[in-house]
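K.L.:
Below you will find the structure I want to go over with you.
Number of protein chains: 2
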Amino acid sequence: METIEKTLKDYLKDNRLRGTRLLQKLVQEDSTRGNESSAQAVIVEKCRQLGLHLDIWEIGETKLVSHEAFCSDRKDFSGNPNVVGVLKGTGGGKSLILNGHIDVVPIGNRKDWDQDPFSGHISCGKLFGRGATDMKGGTVSMLMALEAIIKTGVKLKGDVIYQSVIEEESGGAGTLAAVLRGYKADGAIIPEPTNMKFFPKQQGSMWFRITVKGRSAHGGTRYEGVSAIEKAMSLIGRLQALEKARNEKITDPLYKGIPIPIPINIGKIASGEWPSSVPDIAIIEGRMGVSPEESPDQAKQEMLECLKDWENADPWISDHKPSIEWFGGRWLPGSLPVDHPLMTTMAESFSEVKGTAPIIEASPWGTDGGILSSVGQTPVVVFGPGTTEAAHDTNEFINLADMFEAAEVIALAILKWCEAAD
Amino acid sequence: METIEKTLKDYLKDNRLRGTRLLQKLVQEDSTRGNESSAQAVIVEKCRQLGLHLDIWEIGETKLVSHEAFCSDRKDFSGNPNVVGVLKGTGGGKSLILNGHIDVVPIGNRKDWDQDPFSGHISCGKLFGRGATDMKGGTVSMLMALEAIIKTGVKLKGDVIYQSVIEEESGGAGTLAAVLRGYKADGAIIPEPTNMKFFPKQQGSMWFRITVKGRSAHGGTRYEGVSAIEKAMSLIGRLQALEKARNEKITDPLYKGIPIPIPINIGKIASGEWPSSVPDIAIIEGRMGVSPEESPDQAKQEMLECLKDWENADPWISDHKPSIEWFGGRWLPGSLPVDHPLMTTMAESFSEVKGTAPIIEASPWGTDGGILSSVGQTPVVVFGPGTTEAAHDTNEFINLADMFEAAEVIALAILKWCEAAD
Numbered sequence: 001m002e003t004i005e006k007t008l009k010d011y012l013k014d015n016r017l018r019g020t021r022l023l024q025k026l027v028q029e030d031s032t033r034g035n036e037s038s039a040q041a042v043i044v045e046k047c048r049q050l051g052l053h054l055d056i057w058e059i060g061e062t063k064l065v066s067h068e069a070f071c072s073d074r075k076d077f078s079g080n081p082n083v084v085g086v087l088k089g090t091g092g093g094k095s096l097i098l099n100g101h102i103d104v105v106p107i108g109n110r111k112d113w114d115q116d117p118f119s120g121h122i123s124c125g126k127l128f129g130r131g132a133t134d135m136k137g138g139t140v141s142m143l144m145a146l147e148a149i150i151k152t153g154v155k156l157k158g159d160v161i162y163q164s165v166i167e168e169e170s171g172g173a174g175t176l177a178a179v180l181r182g183y184k185a186d187g188a189i190i191p192e193p194t195n196m197k198f199f200p201k202q203q204g205s206m207w208f209r210i211t212v213k214g215r216s217a218h219g220g221t222r223y224e225g226v227s228a229i230e231k232a233m234s235l236i237g238r239l240q241a242l243e244k245a246r247n248e249k250i251t252d253p254l255y256k257g258i259p260i261p262i263p264i265n266i267g268k269i270a271s272g273e274w275p276s277s278v279p280d281i282a283i284i285e286g287r288m289g290v291s292p293e294e295s296p297d298q299a300k301q302e303m304l305e306c307l308k309d310w311e312n313a314d315p316w317i318s319d320h321k322p323s324i325e326w327f328g329g330r331w332l333p334g335s336l337p338v339d340h341p342l343m344t345t346m347a348e349s350f351s352e353v354k355g356t357a358p359i360i361e362a363s364p365w366g367t368d369g370g371i372l373s374s375v376g377q378t379p380v381v382v383f384g385p386g387t388t389e390a391a392h393d394t395n396e397f398i399n400l401a402d403m404f405e406a407a408e409v410i411a412l413a414i415l416k417w418c419e420a421a422d
Numbered sequence: 423m424e425t426i427e428k429t430l431k432d433y434l435k436d437n438r439l440r441g442t443r444l445l446q447k448l449v450q451e452d453s454t455r456g457n458e459s460s461a462q463a464v465i466v467e468k469c470r471q472l473g474l475h476l477d478i479w480e481i482g483e484t485k486l487v488s489h490e491a492f493c494s495d496r497k498d499f500s501g502n503p504n505v506v507g508v509l510k511g512t513g514g515g516k517s518l519i520l521n522g523h524i525d526v527v528p529i530g531n532r533k534d535w536d537q538d539p540f541s542g543h544i545s546c547g548k549l550f551g552r553g554a555t556d557m558k559g560g561t562v563s564m565l566m567a568l569e570a571i572i573k574t575g576v577k578l579k580g581d582v583i584y585q586s587v588i589e590e591e592s593g594g595a596g597t598l599a600a601v602l603r604g605y606k607a608d609g610a611i612i613p614e615p616t617n618m619k620f621f622p623k624q625q626g627s628m629w630f631r632i633t634v635k636g637r638s639a640h641g642g643t644r645y646e647g648v649s650a651i652e653k654a655m656s657l658i659g660r661l662q663a664l665e666k667a668r669n670e671k672i673t674d675p676l677y678k679g680i681p682i683p684i685p686i687n688i689g690k691i692a693s694g695e696w697p698s699s700v701p702d703i704a705i706i707e708g709r710m711g712v713s714p715e716e717s718p719d720q721a722k723q724e725m726l727e728c729l730k731d732w733e734n735a736d737p738w739i740s741d742h743k744p745s746i747e748w749f750g751g752r753w754l755p756g757s758l759p760v761d762h763p764l765m766t767t768m769a770e771s772f773s774e775v776k777g778t779a780p781i782i783e784a785s786p787w788g789t790d791g792g793i794l795s796s797v798g799q800t801p802v803v804v805f806g807p808g809t810t811e812a813a814h815d816t817n818e819f820i821n822l823a824d825m826f827e828a829a830e831v832i833a834l835a836i837l838k839w840c841e842a843a844d
């Protein structure tokens with residue numbers, strides 16, 4: 001075993017340039033929502049080269065969209081397939097899912113990027129571009145690990161099921177589709193950007209849209225109207241207080257050091273259409289974190305109570321009740337015991353590469369892990385090379401050294417979990 | 423003279439239905455910005471019926487757009503002309519401009535309208551629809567007054583110059599174009615919705631757009647980013663304080679009873695593009711009132727100082743300075759002495775119709791009066807039948823009785839100001 005492990009690590013060290021080139025190629029394909037196909041084509045090409053058994057399909061079937069965990073406002077999935085590549089084992093070993101999403105979030109304000117957001121530019125050991133850290137770098141770590149296993153001639157007992165899914169950033173419809181297609185396993189690794197930490201618990205999250213009403217008037221007699229913007233500001237103040245109260249209740253030591261374990265993020269506001277009119281409607285959209293210890297419905301209930309308190313405190317709001325929609329993305333929370341065998345296997349692999357024990361925390365964001373574990377009954381560890389702070393940010397980047405090390409950790413974990421065949 | 427006045431009043435009383443029908447027709451033509459042509463066609467038809475000397479032209483010439491008072495972000499004025507109809511006098515009398523804008527503001531939230539916003543629906547003496555009060559009702563008062571003069575065979579010494587202009591709601595390019603085309607006079611009436619009050623002073627106003635920067639991050643680690651929405655809320659708080667400070671300085675008795683004489687209205691906010699990302703940019707647009715006693719530049723200076731104070735108080739803002747643009751609409755303030763002959767003439771006419779003296783105030787909003795007076799050297803009184811509170815609001819309406827009375831006041835004022843020829 002020791003020799004196989006050395007062989008894998010040596011192969012990975014010798015083939016770093018190939019990994020870098022693959023990441024560059026993936027980042028250079030803009031795979032924002034609805035545009036995932038060209039990046040998936042790069043994945044398919046790579047899987048073919050590795051000789052994986054490919055399964056490429058367009059999601060959206062009735063079984064998926066009518067599933068209770070389905071959560072997407074996307075009407076058309078055609079042309080942007082899910083991709084699964086299976087490395088079949090000889091039998092008798094534990095199976096492992098390697099799951100990564102190919103979709104990336106929008107670029108934000110183009111002017112704040114120093115380079116083209118899809119440049120794949122490399123500087124000082126970092127590769128830049130939207131998706132580099134979240135999570136094309138993690139995807140490359142998995143593919144490099146698989147390549148090392150295959151090219152060095154290791155045969156495994158258990159199956160390795162590599163998945164490149166769409167829709168993670170919008171609620172996990174891609175991973176749900178894979179689960180419903182039958183892809184379940186004895187364990188799963190999701191290399192989301194964890195700064196090389198282990199996240200056995202994943203925070204869930206849900207998107208909401210709250211519509212607040214005012215009354216329009218000429219801006220010159222604005223006192224005759226009721227500003228929806230001012231009412232939205234009042235609401236945001238209440239959501240900030242709700243976030244504070246919810247987080248003060250979190251005592252799980254895995255969240256130690258995380259300033260806001262389950263944030264309520266206000267991601268978007270739109271109100272008004274004319275500078276000199278009082279705006280009569282404001283729409284805010286955001287993301288509510290769901291603790292691994294609560295259900296999405298419990299979190300929703302707290303939000304509804306917050307809105308109710310607001311109504312009771314403001315006669316205008318009481319007469320013009322805000323409406324709330326839970327739309328688009330929803331990620332189920334997930335939780336794996338820290339002493340689960342998959343954690344142990346991963347921790348051993350980590351120590352063999354890094355020489356230290358891993359840092360174990362709860363994830364500050366939702367992942368597809370909730371779907372894999374709660375719908376697919378597949379134990380999940382979230383661990384990846386990406387820089388958490390760089391995710392969704394302008395000038396997103398990944399430290400290539402982390403990507404290479406994560407590839408080694410994953411390769412060793414595959415070997416330990418799925419076991420080498422005689 | 424007494425007899426002519428009675429004839430005019432009787433004509434107007436007998437022809438109210440014609441005025442109502444004309445208003446209905448005008449309201450039913452959506453004349454939001456860029457769509458003014460079909461409502462102007464109704465005006466042209468009416469002017470032709472009255473035998474006015476018509477001048478119909480598309481504005482946008484170099485002389486206009488290079489004028490220091492020109493203020494518009496509209497690139498294309500073609501197809502939506504200004505209309506002027508002149509009733510030539512026999513000579514020797516004072517000339518009078520009757521100025522009204524045909525453009526209306528957007529409808530706001532359609533759902534908050536009880537009827538189609540362009541229905542022209544009549545109920546309980548009110549006519550409903552966008553523009554009914556601001557200011558198609560005032561336009562009908564002017565046209566009814568002119569019709570009464572013409573149809574009863576009154577010949578005037580002075581010219582009456584009726585103007586139906588575009589772009590008032592966006593900064594007055596239509597009236598400026600009319601002034602630059604040579605239309606000036608010894609006096610002007612603008613029947614904006616004043617609740618039948620006289621506004622010899624008009625508040626000026628300017629539109630601004632402030633761009634506030636944050637730093638994007640994943641919503642799940644929102645503490646790694648800086649929310650542009652939160653920064654925009656902080657800015658709005660400062661603008662509210664600035665508004666308060668500026669209004670505390672207003673001592674003019676004409677503003678007595680007006681809660682906020684020179685408001686700063688936040689009309690629009692847009693920030694963020696993804697519920698689970700921290701927004702990195704927020705754009706607010708608004709309208710800053712300019713007191714008749716200050717120049718637009720002085721008001722701008724106070725805004726810049728407010729932004730400077732904000733920068734000094736917040737290190738992030740100091741490092742990521744907000745940008746401000748003064749865009750789109752700007753209305754010059756205007757001021758006419760309350761004892762000006764035009765005021766006296768108007769007040770006499772008002773008393774003859776209403777039996778009381780008019781209420782005299784300063785306008786809570788900018789009008790095209792600033793351009794007529796400061797660029798066109800034409801003394802202006804703003805007086806009209808529209809309901810101030812209904813302007814720019816949903817379910818906008820006008821009390822038809824006010825429209826008819828305003829028509830009488832304007833007809834008598836024309837007669838007194840321009841004088842009947844022998």
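Chains as they are written, first to last, in our numbering: chain C, 1 to 422; chain U, 423 to 844. We put the CB at the ideal spot given by N, CA and C, even for glycine. Keep in mind the model is a prediction, meaning the values are calculated, not measured.
Can you list the residues of chain U that Gly137 (chain C) reaches, using a CB-CB cut of under 8 Å?
P.N.:
On the first sequence, position 137 is the one that residue 137 (chain C) refers to. None at all; the shortest Cβ gap to chain U is about 15 Å.
K.L.:
Taking the alpha helix (DSSP H) that Ala282 (chain C) falls in, what are its first and last residues?
P.N.:
For the purposes of this step, residue 282 (chain C) is identified with residue 282 of the first sequence, where counting begins at 1. Where Ala282 (chain C) is concerned, there is no enclosing alpha helix (DSSP H), although the beta strand (DSSP E) it sits in stretches over 281-290.
K.L.:
For Trp310 (chain C), collect the residues of the same chain with a Cβ closer than 7 Å to its Cβ; drop the 5 residues on either side in sequence, then sort them by chain order.
P.N.:
In the first sequence, residue 310 (chain C) corresponds to position 310, counting from 1. Excluding residues within five positions, the ones whose Cβ falls inside 7 Å are Leu235, Arg238, Ile317.
K.L.:
Less than 9 Å between CB atoms is the rule here; does Val449 (chain U) satisfy it with respect to chain C?
P.N.:
Taking the first residue of the second sequence as position 1, residue 449 (chain U) is located at position 27. For Val449 (chain U), the answer is no, since every Cβ of chain C falls outside 9 Å of its Cβ.
K.L.:
Tell me whether the beta-carbon of Glu665 (chain U) lies closer than 9 Å to the beta-carbon of Pro697 (chain U).
P.N.:
Here residue 665 (chain U) corresponds to residue number 243 of the second sequence, with the count starting at 1. Here residue 697 (chain U) corresponds to residue number 275 of the second sequence, with the count starting at 1. No, Cβ-Cβ distance for Glu665 (chain U) and Pro697 (chain U) is not below 9 Å.
K.L.:
Can you pull out the residues from the stretch 529-549 of chain U whose beta carbon lies closer than 7 Å to at least one beta carbon of chain C?
P.N.:
Listed by position, the residues of the stretch 529-549 of chain U near chain C (Cβ gap below 7 Å) are Gly530, Asn531, Asp534.
K.L.:
Given this structure, state the Cα-to-Cα distance separating Val831 (chain U) from Pro279 (chain C), to the nearest angstrom.
P.N.:
Here residue 831 (chain U) is taken as the residue at index 409 of the second sequence, counted from 1. Here residue 279 (chain C) is taken as the residue at index 279 of the first sequence, counted from 1. Those two C-alpha atoms are separated by around 34 Å.
K.L.:
Can you tell me which of the three DSSP states Phe772 (chain U) falls into?
P.N.:
The residue labelled residue 772 (chain U) in the question sits at position 350 within the second sequence. DSSP places Phe772 (chain U) in helix when its eight states are reduced to three.
K.L.:
So if DSSP puts Val582 (chain U) in a beta bridge, which residue, or which two residues, is it bridged to?
P.N.:
In the second sequence, counting from the first residue as 1, residue 582 (chain U) sits at position 160. In DSSP, Val582 (chain U) forms a bridge with U:Leu509, U:Leu518.
K.L.:
Under a three-way DSSP split, which group does Arg440 (chain U) fall into?
P.N.:
Looking up residue 440 (chain U) in the second sequence gives position 18. Three-state DSSP puts Arg440 (chain U) in a helix.
K.L.:
In this structure, does DSSP put Val195 (chain C) in helix, strand or coil?
P.N.:
Residue mapping note: residue 195 (chain C) aligns to position 195 of the first sequence, counting from 1. In the sequence on display, residue 195 (chain C) carries Asn and not Val. Correct three-state label for Asn195 (chain C): coil.
K.L.:
At a CB distance below 9 Å, what residues from the stretch 512-527 of chain U approach chain C? Give them in sequence order.
P.N.:
Cβ contacts with chain C: Val527.
K.L.:
Report the residue ranges of all alpha helix (DSSP H) runs contained in full by the stretch 293-377 of chain C; include only those spanning at least 4 residues, in chain order.
P.N.:
With a minimum length of 4 residues, the continuous alpha helix (DSSP H) runs that stay inside the stretch 293-377 of chain C are 296-313, 315-319, 341-354, 369-374.
K.L.:
To which residues of the same chain is Ser541 (chain U) closer than 8 Å at the C-beta, ignoring the five residues directly before and after it?
P.N.:
On the second sequence, position 119 is the one that residue 541 (chain U) refers to. Excluding sequence neighbours, Ser541 (chain U) sits near Val449, Gln450, Phe550, Gly551.
K.L.:
Taking Leu431 (chain C) as part of the alpha helix (DSSP H), name the residues at either end of that continuous run.
P.N.:
Because chain C is modelled from 1 through 422, residue 431 (chain C) falls outside the range shown and cannot be assessed.
K.L.:
Taking the alpha helix (DSSP H) that Ser141 (chain C) belongs to, which residues open and close that run?
P.N.:
Counting from 1 along the first sequence, the entry for residue 141 (chain C) is found at position 141. That run of the alpha helix (DSSP H) goes 137-151.
K.L.:
To the nearest angstrom, report how far apart Ser796 (chain U) and Ser205 (chain C) are at their CA atoms.
P.N.:
As a working mapping, residue 796 (chain U) is identified with position 374 in the second sequence. As a working mapping, residue 205 (chain C) is identified with position 205 in the first sequence. Distance between the alpha carbons of Ser796 (chain U) and Ser205 (chain C): 58 Å.
K.L.:
Quick check: the Cα distance between Gly219 (chain C) and Ile59 (chain C), rounded to an integer number of angstroms?
P.N.:
Translated into the one-based positions of the first sequence, residue 219 (chain C) becomes position 219. Translated into the one-based positions of the first sequence, residue 59 (chain C) becomes position 59. The straight-line gap from Cα to Cα measures roughly 49 Å.
K.L.:
Rounded C-beta distance between Leu50 (chain C) and Glu147 (chain C)? I'm assuming under 8 Å.
P.N.:
Taking the first sequence and counting its residues from 1, the one referred to as residue 50 (chain C) is at position 50. Taking the first sequence and counting its residues from 1, the one referred to as residue 147 (chain C) is at position 147. Contact holds; Cβ gap of about 6 Å.
K.L.:
Among the residues of its own chain, which have a CB less than 7 Å from the CB of Leu12 (chain C), if the five just before and after it don't count?
P.N.:
Walking along the first sequence from the start, residue 12 (chain C) turns up at place 12. So the qualifying residues of the chain are Met144, Ala148, Phe404, Ala407, Glu408, Ala411.
K.L.:
Tell me which residues share the same chain as Asp112 (chain C) and place their Cβ nearer than 6 Å to its Cβ, disregarding the 5 neighbours each side in the sequence.
P.N.:
To locate residue 112 (chain C), count along the first sequence from 1; it is residue 112. So the qualifying residues of the chain are Thr394.
K.L.:
Taking the CB atoms as reference points, tell me whether Ile529 (chain U) and Lys558 (chain U) lie closer together than 9 Å.
P.N.:
One-based indexing of the second sequence puts residue 529 (chain U) at position 107. One-based indexing of the second sequence puts residue 558 (chain U) at position 136. No, the Cβ-Cβ distance between Ile529 (chain U) and Lys558 (chain U) is not below 9 Å.
K.L.:
Name, please, each residue of chain U whose Cβ falls closer than 7 Å to the Cβ of Met233 (chain C).
P.N.:
By one-based count along the first sequence, residue 233 (chain C) stands at place 233. Here the neighbours are Met655, Ile658.
K.L.:
Just to make sure I have the definition right: I need the residues of chain C whose C-beta is within less than 7 Å of the C-beta of Asn687 (chain U). Which are they?
P.N.:
Start at 1 with the first residue of the second sequence, and residue 687 (chain U) comes out as number 265. Residues of chain C passing the Cβ test: Gly219, Arg222, Ser276, Val278.
K.L.:
Measure from the C-beta of Ile260 (chain C) to each C-beta in chain U and report whether the shortest distance is under 9 Å.
P.N.:
As a working note, residue 260 (chain C) is residue 260 in the first sequence. Yes, contact with chain U.
K.L.:
On the DSSP bridge list, what partners appear for Trp113 (chain C)?
P.N.:
The residue given as residue 113 (chain C) occupies position 113 in the first sequence. Answer by DSSP bridge pairing: none, since Trp113 (chain C) is not bridged.
K.L.:
Of the choices U:Lys730, U:Val487, U:Val587, U:Ile706, whose alpha-carbon is the least far from that of Trp629 (chain U)?
P.N.:
Taking the first residue of the second sequence as position 1, residue 629 (chain U) is located at position 207. Out of U:Lys730, U:Val487, U:Val587, U:Ile706, U:Ile706 has the C-alpha closest to the C-alpha of Trp629 (chain U).
K.L.:
Which residues bound the beta strand (DSSP E) around Thr32 (chain C)?
P.N.:
Walking along the first sequence from the start, residue 32 (chain C) turns up at place 32. Thr32 (chain C) -> no beta strand (DSSP E), and no H or E assigned at all.
K.L.:
Could you give the uninterrupted runs of the alpha helix (DSSP H) lying entirely in the stretch 201-230 of chain C, keeping only those of 4 residues or more?
P.N.:
Runs of the alpha helix (DSSP H) inside the stretch 201-230 of chain C: none found.
K.L.:
For chain U, find out if any of its Cβ atoms is closer than 9 Å to the Cβ of Gly225 (chain C); answer yes or no.
P.N.:
For this step, residue 225 (chain C) is matched to residue 225 along the first sequence. Output row for Gly225 (chain C): interface = yes.
K.L.:
Residues of chain C with CB under 8 Å from Ile672 (chain U), in chain order?
P.N.:
The residue you call residue 672 (chain U) lines up with position 250 of the second sequence. Residues of chain C passing the Cβ test: none, with the nearest at roughly 14 Å.
K.L.:
How about Ser785 (chain U) and Gln585 (chain U): are their beta carbons less than 9 Å apart?
P.N.:
Taking the second sequence and counting its residues from 1, one reaches residue 785 (chain U) at position 363. Taking the second sequence and counting its residues from 1, one reaches residue 585 (chain U) at position 163. In this structure, Gln585 (chain U) does not lie closer than 9 Å to Ser785 (chain U) by Cβ.
K.L.:
Ends of the beta strand (DSSP E) at Gly267 (chain C)?
P.N.:
Mapped onto the first sequence, residue 267 (chain C) falls at position 267. Residues 264-271.
K.L.:
Using DSSP's beta-bridge definition, name the partner residues of Ala420 (chain C).
P.N.:
For the purposes of this step, residue 420 (chain C) is taken as residue 420 along the first sequence, with counting starting at 1. According to DSSP, which records beta bridges pairwise, Ala420 (chain C) is partnered with C:Leu156.
K.L.:
Under 8 Å Cβ-Cβ, which residues of chain C neighbour Gly694 (chain U)?
P.N.:
Along the second sequence, read from residue 1 onward, the residue named residue 694 (chain U) stands at position 272. Result: Ile266, Gly267, Lys268, Ile269, Glu285.
K.L.:
Could you check where the beta strand (DSSP E) with Leu476 (chain U) kicks off and where it finishes?
P.N.:
Residue 476 (chain U) sits at position 54 when you count from the first residue of the second sequence. It spans 475-479 - the beta strand (DSSP E) in which Leu476 (chain U) sits, taken as one unbroken run.
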